[in-house]
Amino acid sequence: MFRRGNGMAGKAQGRQSRMPALMAAGVAAALAATGLGLWATDSGPFRDTYCWGAWQQDSGPEFLGEGALARSGAERRATESAPPSADEPHGTCTVEVASTDVRATFHRKLVLEYGAVPAGARERQAWIARYLHGSASPLPDELPGFAAGDRAVLVLPSSCDVEGRPAAVTIRTERDRGGGFDIGPRIEVAGMLLAAARTAAREAGCAPAAPAAMSSPMVKVAGKDELAGTPLCRIPGLVFEFGKTASYEEQVGVVGDRLQTCSVWSVRGQVQDEPAAQFVMAGEPRIAALFEGLPEGVDRGLVRTVCDGRRTVFYGRVEPGLQGRGRPGDRQVFENFVASVSKRIGCGAGGGA
């Protein structure tokens with residue numbers, strides 16, 4: 001059931017109800033004598049926890065705190081699968097805040113998932129489109145992941161691989177009117193992500209000796225969403241004919257030596273999780289591993305090179321709405337992407353390796 005913002009947690013009541021009568025009376029007398037209560041101070045065993053204990057109430061973003069329950073009739077609830085394990089290396093948890101008040105009906109849902117990236121090519125491409133989105137900033141300290149206000153991903157070490165595919169922890173959001181919503185500042189979302197990753201990897205029995213942690217500040221993505229231009233993503237050679245009746249926006253994301261991202265979407269659709277086009281360069285090993293098993297070749301939008309001894313992936317995906325609009329052709333646009341970014345990061349003219 002949903003938990004109301006001003007009510008005592010069912011968990012607290014359940015625990016007290018199981019206490020022997022004399023112990024309960026003693027605790028109640030002690031609390032009455034001091035004028036304090038554990039729930040009132042939000043400490044001790046009465047504090048709500050979510051997602052196998054990874055998060056606590058009133059820790060991190062406001063979505064987990066009392067502020068999220070300030071709207072009329074707002075309630076919070078959480079559901080979770082069994083925690084990941086070595087035998088069942090996957091798990092899902094949701095935290096929802098909703099109101100059925102006729103004056104302010106709303107529904108917000110956060111979804112945490114642990115498990116291997118999808119096996120099917122189309123499903124993997126959709127997964128990459130969502131989590132390697134241009135709106136997301138790279139995690140600091142060379143952590144293999146990204147975080148935005150409404151989504152985040154951390155690719156786990158190879159010790160957590162499942163059937164040869166990388167395992168990852170992801171966060172995404174949903175709302176009643178479609179699309180996502182900002183959980184909070186991206187540094188707080190990144191903190192939630194790492195806490196969940198540490199918990200899930202420990203439960204799955206593949207936690208590294210040094211748990212994932214941040215000691216450096218996050219760097220924001222290079223640009224804000226803006227109308228798609230020519231060249232697209234500010235990358236020389238990425239030229240599309242958008243048409244007079246179609247309108248697209250782009251988000252230039254990371255522009256670094258080991259990572260580069262950009263997403264393009266239709267303004268009419270307003271669905272940024274399924275971009276009309278996406279371009280990624282990945283020289284970080286665990287990010288590059290996300291592309292293993294996908295169809296390769298220039299005509300398929302995926303090639304590999306070696307840059308300064310690092311295996312580097314160049315990936316371009318154009319959805320049906322923009323297919324055939326590359327100038328002078330879609331294949332040439334992708335080749336231009338490989339050549340332009342390769343030149344920028346100093347690894348030659350690109351090509352397969």
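Counting from 1, one number per residue, gives the positions in the sequence shown under the UniProt record's numbering. Glycine included, every Cβ here is placed at the ideal spot set by N, Cα and C.
Item, Value
"Could you give the DSSP three-state label for F106: helix, strand or coil?", "strand"
"Within 10 Å of its beta-carbon, does G253 have 16 or more other beta-carbons around it, so buried, or fewer, so exposed?", "buried"
"If you scan the segment 135-196 from start to end, which runs of the beta strand (DSSP E) of 3 or more residues do you find wholly inside it?", "145-147, 151-155, 167-175"
"Indicate the three-state DSSP secondary structure (helix, strand or coil) for F337 in the structure shown.", "helix"
"Would L227 be called buried (16 or more neighbouring beta carbons within 10 Å of its own) or exposed?", "exposed"
"Compare the C-alpha of C51 against each of A68, R77, L69, R304 and name the closest.", "R77"
"Can you say whether Q260 is buried or exposed, counting buried as having 16 or more other CB atoms within 10 angstroms of its CB?", "buried"
"Excluding the 5 residues flanking A82 on each side, which residues of the same chain have their C-beta closer than 8 Å to its C-beta?", "E88, G91"
"Under the three-state reduction of DSSP, which class applies to V221: helix, strand or coil?", "coil"
"With 16 as the cutoff for other CB atoms within 10 Å, does R327 come out buried or exposed?", "exposed"
"In chain order, which beta strand (DSSP E) runs of at least 3 residues are fully inside the segment 267-332?", "277-282, 302-307, 310-318"
"Counting Cβ pairs closer than 8 Å, one from the segment 174-182 and one from the segment 154-163, do we hit at least three?", "no"
"Spatial neighbours of V219 within its chain, please: C-beta separation below 8 Å, excluding the five flanking residues on both sides.", "S137, P138, P140"
"Run through DSSP, which three-state label would C233 get?", "helix"
"Look at the alpha carbon of Y131 and the alpha carbon of R103, and state the distance between them as a whole number of angstroms.", "34 Å"
"Quick one: what's got a C-beta closer than 8 Å to F63's C-beta in the same chain, skipping five residues either side?", "V95, V97, R108, L110, I183, G184"
"For T100, count the other beta carbons within 10 Å of its own beta carbon; 16 or more makes it buried, fewer makes it exposed. Which is it?", "exposed"
"Check this for me: beta carbons of R317 and I128, under 9 Å apart or not?", "yes"
"For V322 and T230, what's the separation of their Cα atoms in angstroms?", "The identity of residue 322 in the sequence shown is Leu, whereas the question assumes Val. Rounded to whole angstroms, L322 to T230 spans 14 Å at the Cα level."
"So what does residue 361 bridge to, in DSSP terms?", "With the chain covering only 1 through 353, there is no way to say anything about residue 361."
"Distance check for V333 and R202, CA to CA, integer angstroms please.", "44 Å"
"How many Å lie between M281 and V313 at the Cα?", "6 Å"
"Reducing DSSP to helix, strand and coil, say where Q125 ends up.", "helix"
"Roughly how many angstroms lie between the CA atoms of C233 and R286, to the nearest whole one?", "24 Å"
"At which residues does the beta strand (DSSP E) containing A78 begin and terminate?", "75-80"
"Buried or exposed for E292, please, with buried defined as at least 16 other CB atoms from any protein chain shown within 10 angstroms of its CB.", "exposed"
"Can you say whether R151 is buried or exposed, counting buried as having 16 or more other CB atoms within 10 angstroms of its CB?", "buried"
"In terms of residue numbering, what span does the beta strand (DSSP E) encompassing A98 cover?", "91-99"
"Do you know offhand how far A187's Cα is from L193's?", "Strictly speaking, residue 187 in this sequence is Ile, with Ala absent from that position. Each residue's Cα considered, the two are about 10 Å apart."
"Where does F63 fall in DSSP's three states?", "helix"
"Among the candidates G283, P320, K244, G65, whose CA atom is the shortest distance from the CA of G346?", "G283"
"Under three-state DSSP, which class holds A209?", "coil"
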